[in-house]
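Report on the structure given below.
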Amino acid sequence: MEPILIVDDEKDNLEALRRLLRNDYDVTLETSPFEALKRVQQQEFSVIVSDQRMPEMTGVELLEKVKQISPATTRILLTGYSDMDAVVGAINRGQIYQYVGKPWDPDDFKITLRQAAESYQLKREVEQKNRALSKSNEELKAALESLRVLDRAKARFLSLVSHELNTPLTVLTSFVQLLKDNKSSFPKDIQKAVSSLDSATGRFSQIIEEVLLYTKLESERSLSTEAFDLDEETRALAKELAKEFNAKKLSVALKAPSPAIIHCDREKMRQALERLFLNTIAFAPEGDKVRIHIEDKGKFYSFSISRGGPPLSEEAFVSLTSGSQNNLHHHKDLGLSLAICRFIVEIHGGTTELSDSGTAIILKLSKT
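In numbering that gives the first Met the number 0, the protein residues as written are 0 to 367.
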């Protein structure tokens, strides 16, 4: 049973209330307000009922002190109509939950007391849930900070490894170049091996470059915004990557409004488009036509780049754009190209999508 405390200097009133409530509550009686305060310090009560007129202390004064000791306890005042000014003042100050006028009706009083006890339980439940929520928030903050620490450690590790690999790669590249310069003097099988070695070192160099770029992007998310003409920059990139396109005998068809202005970090957006181009070149079959279509969609531009060849599955697309290469051994190894592209597009508020056909990648780029 819920514990309640009743305070009244008249014992007859206390006994009457005990008889009324003893079957429903654990009732404690006190005739002295000072003794009642001692009780409150020793035990928490769901409800405290106090008479207003007592010789040692008024009920309002007692309940004000009770609130300081046990704020959650619901407080009820018993009073006659002549004390209404004090009652209204106490209610306005939030010292009492409700007052009951004398003479009180037994049924009405029991209803009031039940509501007061329920109010106490509700406050306690809210407090418990708030504490649990606060604890969960602290645990979440701690977990998030741990993830940030691990992420920074991962970035430092990848950067260190990539830098360390650059030194032997530079030496290897120099030797490969030396072999290429004298390739014509070698037998055909050696010439073929030199070409394969050249291709492998180039791929290795690209992977290191992408790892360094990806870790840099993750750690430095600041953007410097300026006007960027998608039509002009796309044409310029296509010329810069002419060697890569020509190596696979790829042609490029561009359809775009001119100008097609967005506002973005120019260097980062060029990196995103370059990675997207390299991805398309890797997947396109030899002799294919790469189609680029830029459309004005009002608040954003749709940048679509498509090619022929086998479609990319949604699963593979998600893995490639997240930087994960799991279960992609049957696809061309594209390193972090699409992951870098998606990351840059997203920090600009855009999206990266795969077309229904699986042969086109679509960037939605905000104009602002």
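C-beta: ideal position from N, C-alpha, C; glycine also.
Asked                                                                                                                                                        : Found
Quick check on the DSSP output: the beta strand (DSSP E) that includes Asp230 runs from which residue to which?                                              : Here Asp230 belongs to no beta strand (DSSP E); instead the alpha helix (DSSP H) covers 229-239.
Determine the DSSP secondary structure at Ser336, reduced to helix, strand or coil.                                                                          : helix
Would you tell me roughly how many angstroms separate the C-alpha atoms of Ala131 and Pro284, rounded to the nearest one?                                    : 58 Å
If distances are taken between C-alpha atoms only, which option among Thr73, Ser223, Ala141, Glu63 comes closest to Thr367?                                  : Ser223
Do you know offhand how far Glu243's Cα is from Lys187's?                                                                                                    : 24 Å
Expressed to the nearest angstrom, what Euclidean distance is found between the alpha-carbon atoms of Ile75 and His347?                                      : 59 Å
Using three-state DSSP, classify Phe316 as helix, strand or coil.                                                                                            : helix
Does Glu285 come out as helix, strand or coil in the three-state DSSP assignment?                                                                            : coil
Using the Cα positions of Phe276 and Glu294, report the straight-line distance between them to the nearest angstrom.                                         : 18 Å
Using DSSP with H/G/I as helix, E/B as strand and the rest coil, what is Phe299?                                                                             : strand
Going by DSSP in three states, His347 sits in which element: helix, strand or coil?                                                                          : coil
Can you say whether Glu209 is buried or exposed, counting buried as having 16 or more other CB atoms within 10 angstroms of its CB?                          : buried
For Asp355, which of helix, strand or coil comes out of DSSP?                                                                                                : coil
Have a look at Leu335 and Val125 and give me their C-alpha separation to the nearest angstrom.                                                               : 48 Å
From what residue to what residue does the alpha helix (DSSP H) around Asp369 run?                                                                           : The first residue shown for the chain is 0 and the last is 367, placing residue 369 beyond what the model contains.
With a threshold of 16 other CB atoms inside 10 Å of the CB of Gly201, please say whether the residue is buried or exposed.                                  : exposed
Would you identify the three-state DSSP class for Ala71, choosing helix, strand or coil?                                                                     : coil
Report back the beta-carbon spacing between Val6 and Ser49 to the nearest angstrom; my notes put them in contact at under 8 Å.                               : 4 Å
Met268: buried (16+ other C-beta within 10 angstroms of its C-beta) or exposed?                                                                              : buried
Asp7 by DSSP, collapsed to three states: which one?                                                                                                          : coil
If you draw a straight line from the alpha carbon of Ala271 to that of Arg306, how long is it in whole angstroms?                                            : 18 Å
Assuming Thr111 contacts Gln97 under a Cβ cut-off of 8 Å, what Cβ separation, rounded to an integer in Å, is found between them?                             : 6 Å
Distance, Cα to Cα, Ile206 vs Glu138?                                                                                                                        : 37 Å
In angstroms, rounded to a whole number, what distance separates the CA positions of Gly357 and Val251?                                                      : 19 Å
Three or more beta-carbon pairs under 8 Å between the segment 285-292 and the segment 300-314, yes or no?                                                    : yes
What's the gap between the Cα of Asn181 and the Cα of Glu231?                                                                                                : 40 Å
Residues in its own chain within less than 6 Å of Ile378 by CB, not counting five upstream and five downstream?                                              : With the chain covering only 0 through 367, there is no way to say anything about residue 378.
Going along the chain, which residues of its own chain have a beta-carbon closer than 7 Å to the beta-carbon of Pro54, five neighbours each way excluded?    : Asp8
Between Ala116 and Ser45, which are expected to be in contact by the criterion C-beta below 8 Å, what is the C-beta distance as a whole number of angstroms? : 5 Å
Which two residues bound the contiguous alpha helix (DSSP H) that contains Glu34?                                                                            : 32-41
Three-state secondary structure (DSSP) at Ala255?                                                                                                            : coil
Does the Cβ of Phe316 have 16 or more other Cβ atoms within 10 Å, making it buried, or fewer, making it exposed?                                             : buried
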